[in-house]
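Quick note: the sequence shown, position 96, residue 95 per numbering that gives the first Met the number 0, numbers continuous.
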Amino acid sequence: MSAKLIKGSSLTYMHRGGPPGDAGVARAVSTDVSATLGAGVAHFDACSISWTVLYDEVIYVIDGVFRLVTNDGVLEGEAGDIIWVPEGTELKYEGDQARIFYAVYPGNWKEIHGLA
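This is how it looks when you write it as structure tokens:
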């Protein structure tokens with residue numbers, strides 16, 4: 000495997016929330032590129048998506064206001080902020096015109112947890 004350019008225009012967003020609001024996720028690095036790391040971009044606007052993460056995740060806020068609601072409180076990030084999310088965290092992804100980049104480890108978490 001060698002380095003690879005993934006054009007933003009090639010990404011397909013999958014609907015993940017709304018109405019109300021809207022959320023979408025586009026996976027850029029999937030298991031066909033790397034079994035050990037997953038990455039992509041997402042947008043969240045006026046919606047709330049509940050989830051328990053099955054992986055470690057790093058989130059970089061590109062723009063807007065992104066909120067991660069956890070049992071420990073609310074983490075609110077703006078452009079340039081980074082949020083660390085450990086595996087097993089129960090949360091809600093929320094945002095106001097938020098765009099994020101995310102990376103997850105392991106990238107093949109669906110296969111590991113029998114969700115593929």
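Beta carbons are placed, not taken as given, at the ideal position from N, Cα and C, and that holds for glycine.
The beta-carbon distance between Gly-16 and Cys-46, rounded to whole angstroms, is 4 Å. This is short enough to meet the 8 Å contact definition. The shortest CA-to-CA distance from Asn-107 to any of Asp-62, Arg-26 and Trp-50 is the one to Arg-26. Collapsing the DSSP output to three states places Ile-99 in a strand. DSSP places Ile-111 inside the alpha helix (DSSP H), whose first and last residues are 108–111.
Residue pairing of Tyr-59 in beta bridges, as defined by DSSP: Ile-81 and Phe-100.
In the structure shown, Gly-7 falls within a helical segment according to DSSP collapsed to helix, strand and coil. Contact annotation, Glu-93 with Tyr-54: C-beta distance approximately 20 Å; criterion of less than 8 Å not satisfied.
Take His-112, set aside five residues on each side of it, and the residues of its chain with a beta-carbon closer than 6 Å to its own are Leu-53, in chain order.
Counting along the chain, the unbroken beta strand (DSSP E) around Ala-38 starts and ends at 37–44.
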